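K.L.:
For reference, the structure I am asking about is given below.
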Amino acid sequence: MPQSPATADLVDEWGDQLQVCDLQFRHFGGRSRFTGKIRTISCYQDNALVKQALHEPGEGQVLVVDGKGSLRTALLGDLIAGAAERSGWAGVVLHGAVRDSVALAGLDLGVAALGTTPRKSGKQGIGVRDEPVGFGGILFRPGDELFADEDGIAVLPATEQG
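Residues in the sequence shown are numbered from 1379 upward in steps of one, following my numbering.
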């Protein structure tokens, strides 16, 4: 996969057109730099929709999951992340927690999350897919371009991508 541009360079190039997430994420996947078109899920302590999405062809996209900032249960672990890697996803950004962090580091997948917990999440499929989600002071819309690296997460709205 091609190297993603540095977010600092993108801010210099795009200025205020580029949205920068105010939250500090930790990187857990084997890729700390990744980019791709956004797909979204909004859920709370239930990862059934995350599992479903990451088993579908990713085509280099990034799944942004608004888990409402919960660190109580993990929305992603090594099995689902392994499916994402095999399905061709570039990465996953979780406004929530992961588990199996050591195994995640061995995957060729970008994984950014707030933290870790060993607890599993619910599996009822409660949530919404492919609707805009907001956290960290920005709105993540399906089709926008996400850039992630060691300095942060930035989004270029599709309307700016002439």
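Quick reminder that beta carbons are idealized off the backbone N, C-alpha and C, glycines included.
Computed from a predicted model, the values in this text were never measured in an experiment.
1. What are the partner residues of HIS1433, as DSSP defines its beta bridges?
2. Can you tell me where the alpha helix (DSSP H) with ALA1543 in it begins and where it stops?
3. Answer with buried or exposed for ASP1444, where buried requires no fewer than 16 other C-beta atoms within 10 angstroms of its C-beta.
4. Determine the burial state of ASP1486: buried for a count of at least 16 other Cβ atoms within 10 Å of its Cβ, exposed for fewer.
5. May I have the straight-line CA-CA distance separating ALA1526 from GLY1505, to the nearest angstrom?
6. Enumerate in chain order the residues of its own chain whose CB-to-CB distance from ALA1481 is below 6 angstroms, with the five nearest sequence positions on each side excluded.
7. Start and end of the alpha helix (DSSP H) containing GLY1504?
8. Could you tell me the boundaries of the alpha helix (DSSP H) in which GLY1455 lies?
9. At a cut of 8 angstroms, does the stretch 1490-1507 reach the stretch 1396-1411 through at least three beta carbon pairs?
10. So if DSSP puts GLY1512 in a beta bridge, which residue, or which two residues, is it bridged to?
11. Please report the residue range of the alpha helix (DSSP H) in which SER1479 lies.
12. Would you decide whether ARG1417 is buried or exposed? Buried here means 16 or more other CB atoms lie within 10 Å of its CB.
P.N.:
So, to answer that:
1. Answer by DSSP bridge pairing: none, since HIS1433 is not bridged.
2. Nothing in the structure corresponds to residue 1543, since the chain is present only between 1379 and 1540.
3. Burial call: buried.
4. Burial call: exposed.
5. A straight-line Cα-Cα distance of about 24 angstroms links ALA1526 and GLY1505.
6. ASP1456.
7. Reading off the sequence shown, one finds Ile at residue 1504, where the question assumed Gly. ILE1504 -> no alpha helix (DSSP H), and no H or E assigned at all.
8. Where GLY1455 is concerned, there is no enclosing alpha helix (DSSP H), given that its DSSP letter is neither H nor E.
9. Enough Cβ pairs lie closer than 8 angstroms, so yes.
10. DSSP output for GLY1512 lists LEU1517 as bridge partner(s).
11. 1479-1482 is the span of the alpha helix (DSSP H), which, as asked, contains SER1479.
12. Its Cβ being crowded by 16 or more others within 10 Å, ARG1417 is buried.
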